[in-house]
Amino acid sequence: MRSRRLFIATGIVVCSFALAQEEPIVEYVPGDEGERQPLYTVVPAYPEKARRARVEGEVEVCFKVTREGKTSRVAVRRSTNRAFEKPARDAVRDSTYRPLPKDEELSGIKTCRTFRFRLSPVTVD
Amino acid sequence: MNKVTTQWLKCPVVVCLCLTAAVAQGQESKTILGPTNPDLYYGAEALLAGDGEEGVRLTLLGVKHAANSRDRITGLSNLCAGFIMLEQYEIGLSYCDQVLAENDQHWRSYSNRALAYLKLGRLEETEADLQKAEAIAPNARTVKVVRSMLLDATNPVAPLIVIDDRRQAADDDEK
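In order, the protein sequence lines correspond to chains Y and V.
This note's numbering puts the first residue of the first sequence at 1, with every later residue one more than the last.
This note's numbering puts the first residue of the second sequence at 126, with every later residue one more than the last.
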C-alpha cells in the first residue's frame, strides 16, 4: 500500500504534460433534397484515448426528428469502434433541425447521420 | 483515543500505513503511528499536489534516511518524476538511471526516463525506453500517454470529423 501510494507521483509528471485537445477539422456532407434541414449541428469530440492510440472509426446514428426539430429515439445503427458511439450519439441528441411548417405533414421515416472520425497527418516544419 | 491518533485515523491511507508499521514493529511490542519514512511519504504527497519543489526537497531527505532498498528505490523514482516535473530533465534522468541500475524491471522509471528523453529531443532513446516499459507493463496508462506524446512529436495528427447526412444504401429498417 505504501509503495503504491508513493509511486503515484510518477503519474503526475505525465499528466502535467498531457496535451490539450485541439479543435477538430470538420467536413459536412449535406443530405438529399427533401430531407429535414439541420439547424444546429453539434460536432462530436474526437475521443482523446482513440486519438492517442491513432484509432479511426465510423458511426452511423439513426433517429427521428420531431415537428419542432428536436431529435428523438437516437440509436447507433452501425459502428466500427465503440469508443466513438457515445460522442456520436450525444452529438445527435444535442443537434436540432428546422421546425416543420404547419402545412407540412410529419414523416415517420428515420433520419440517419454518419460520423467519420479520421486523423489527418500534420506537417511540421 | 487521543487527539493525534484520531487525526491519523481520518485518512484511510494513513491507517493502512499505521497497520504496516505496527506489524513491522510487533516483535518489540511498539506501536508507531504514521509512515515509517515521513519525508518520503509527504514528499510524494507534495508531488501529488503539484508542488514539485517541496516534493523534491522532502523526497531527497527521505532517500537520505531510507531504511531499506525498497524505500530508496521508491524515493529515487519519485525524484526522477519530481525533477522532470520541475523541467530539470538531466537531473531527472540521473535519478531514473540510479533506479534502473538497481532494478532493471522498473517500468515507471523507463517511462519517466522516456519522457525526459522526449523533452530533451532524444527520440531514439525515448523509443528504446518506451519499448522496455511496454514490455514490462503493456497496459500501463502512463506508458501509453508517453507513447502518444512520442507519436505526437514524430507523427502529429489532427482530428478530422466528417458529418455525412446522405441517405445510406441500406435503409431497409428505417420505417
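Cβ coordinates follow ideal geometry from the N, Cα and C atoms, glycine included.
The structure displayed is predicted, hence computed values, not measured ones.
Quiz prompt | Opening and closing residue of the alpha helix (DSSP H) in which Y/Glu60 lies | solution = From DSSP, Y/Glu60 is part of no alpha helix (DSSP H) but of the beta strand (DSSP E) over 57 to 65.
Practice problem: Closer than 8 angstroms by C-beta to V/Leu275: which residues in its own chain qualify, once you throw out the five before and the five after it? Chain order, please. | Solution: Ala239, Leu243, Leu248, Thr251, Glu252, Leu255
Self-check item: Stretch-stretch touch, CB-based, cutoff 8 angstroms, three pairs: the region 59 to 71 of chain Y with the region 84 to 100 of chain Y
Solution: Touching, yes, given that three or more Cβ pairs across the two stretches are closer than 8 angstroms.
Quiz item: Does the Cβ-Cβ distance between Y/Ser95 and Y/Ile25 come in under 8 angstroms?
Solution: no
Exercise. Please confirm whether V/Pro284 and Y/Arg51 have their CB atoms less than 8 angstroms apart.
Key: Yes, Cβ-Cβ distance for V/Pro284 and Y/Arg51 is below 8 angstroms.
Exercise. Please report the residue range of the beta strand (DSSP E) in which Y/Ser107 lies.
Key: Taken as a continuous stretch (DSSP letters only), Y/Ser107 belongs to no beta strand (DSSP E), as it is neither H nor E.
Quiz item: Grouping DSSP H, G and I as helix and E and B as strand, with all else coil, what is Y/Thr41?
Solution: It is coil, neither helix nor strand.
Practice problem: Check distances from the C-beta atoms of the region 27 to 53 of chain Y to those of chain V and list, in chain order, the residues that come in under 8 angstroms. | Solution: Glu27, Tyr28, Val29, Pro30, Gly31, Asp32, Glu35, Pro38, Thr41, Val43, Pro44, Tyr46, Arg51, Arg52, Ala53
Quiz item: From what residue to what residue does the beta strand (DSSP E) around Y/Glu27 run?
Solution: 25 to 29
Exercise. Would you mind working out which of V/Glu212, V/Thr267, V/Leu201, V/Val282 sits nearest V/Tyr220, comparing C-alpha positions?
Key: V/Leu201
Exercise. Taking the CB atoms as reference points, tell me whether V/Gly187 and V/Asp164 lie closer together than 8 angstroms.
Key: Annotated as proximal: V/Gly187 and V/Asp164, with beta-carbon spacing under 8 angstroms.
Quiz item: When you compare each of V/Cys205, V/Pro263, V/Ser194 to V/Ala169 by their alpha carbons, which one comes out closest?
Solution: V/Cys205
Quiz prompt | Limits of the unbroken alpha helix (DSSP H) element including Y/Arg98 | solution = Following the DSSP letters along the chain, one finds Y/Arg98 in no alpha helix (DSSP H), marked with neither H nor E.
Quiz item: From this set, Y/Asp32, Y/Lys64, Y/Pro101, which residue's C-alpha is nearest Y/Lys110's C-alpha?
Solution: Y/Lys64
Exercise. Starting from the C-beta of V/Ile216, find all residues in its chain whose C-beta is less than 6 angstroms away, skip the five residues before and the five after it, and write them out in chain order.
Key: Only Phe208 meet the Cβ criterion.
Exercise. Taking V/Ser194 as the reference, give the member of V/Lys257, V/Val271, V/Glu227 with the closest Cα.
Key: V/Glu227
Exercise. With a threshold of 16 other CB atoms inside 10 Å of the CB of V/Asp196, please say whether the residue is buried or exposed.
Key: buried
Exercise. Spell out the partners DSSP gives Y/Cys112 in its beta bridges.
Key: According to DSSP, Y/Cys112 bridges with Y/Cys62.
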